[in-house]
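Structure first, then comments.
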Amino acid sequence: MSIVEMSKVLSNKARVDVLAWLKNPEKNFPPQVNVPNFDDGVCVCHIQNKLGLSQSTTSHYLSMMEKAGLLIGTRIGKWTYYKRNEEQIEKFIQSLSSEL
Numbered sequence: 001m002s003i004v005e006m007s008k009v010l011s012n013k014a015r016v017d018v019l020a021w022l023k024n025p026e027k028n029f030p031p032q033v034n035v036p037n038f039d040d041g042v043c044v045c046h047i048q049n050k051l052g053l054s055q056s057t058t059s060h061y062l063s064m065m066e067k068a069g070l071l072i073g074t075r076i077g078k079w080t081y082y083k084r085n086e087e088q089i090e091k092f093i094q095s096l097s098s099e100l
């Protein structure tokens, strides 16, 4: 994904906040019920509660971020958990550094 396209995904404070919160999920989210730790990510319900946005808006934002490669979604039962895609985030940072 190009710098411009990735920047569009990151042009929203709520989406940037999600990435920042997921950098340290233990600090930013309550303990998870269905999984023992945060290795698979954070449940969408916790992200939605912290954002204070509707379920549809939260899902749309998370879907955009996953499509851009910034997040990795894992389905466990009926719930989806999201975590940062550190490799893709690092590639984006390197692209910014080398191209700008």
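Residue numbering for the sequence shown follows UniProt numbering, starting at 1 and increasing by one per position. Where a beta carbon is used, it is the ideal one built from N, C-alpha and C, also for glycine.
Measuring alpha carbon to alpha carbon, tell me which of the options ends up nearest residue i.
i, options, result
"Phe29", "Cys45, Ile93, Leu10, Thr58", "Cys45"
"Asp17", "Ala68, Gln48, Val33", "Gln48"
"Gln32", "Ser56, Tyr81, Ile3", "Tyr81"
"Lys78", "Glu5, Lys27, Val35", "Val35"
Look at the alpha carbon of residue i and the alpha carbon of residue j, and state the distance between them as a whole number of angstroms.
i, j, result
"Leu63", "Arg84", "Residue identity check: residue 63 is Ser in the sequence provided, not Leu. Using only the alpha carbons, I get a separation of about 13 Å."
"Leu22", "Leu100", "27 Å"
"Lys91", "Ser59", "24 Å"
"residue 101", "Lys8", "Residue 101 falls outside the range modelled here, since the chain spans only 1 to 100, and no answer is possible."
"Lys67", "Met1", "10 Å"
Buried or exposed: which applies to residue i, given that a residue is buried once 16 or more other Cβ atoms fall within 10 Å of its Cβ?
i, result
"residue 182", "Given a span of 1 to 100 for the chain in the structure shown, any question on residue 182 remains unanswerable."
Are any of the Cβ atoms in chain C nearer than 8 Å to that of residue i?
i, result
"Asn34", "Included in the structure is just one protein chain, with no chain C present."
Tell me whether the stretch 34 to 52 and the stretch 69 to 84 touch, counting them as touching only if at least three CB pairs, one residue from each stretch, are closer than 8 Å. yes
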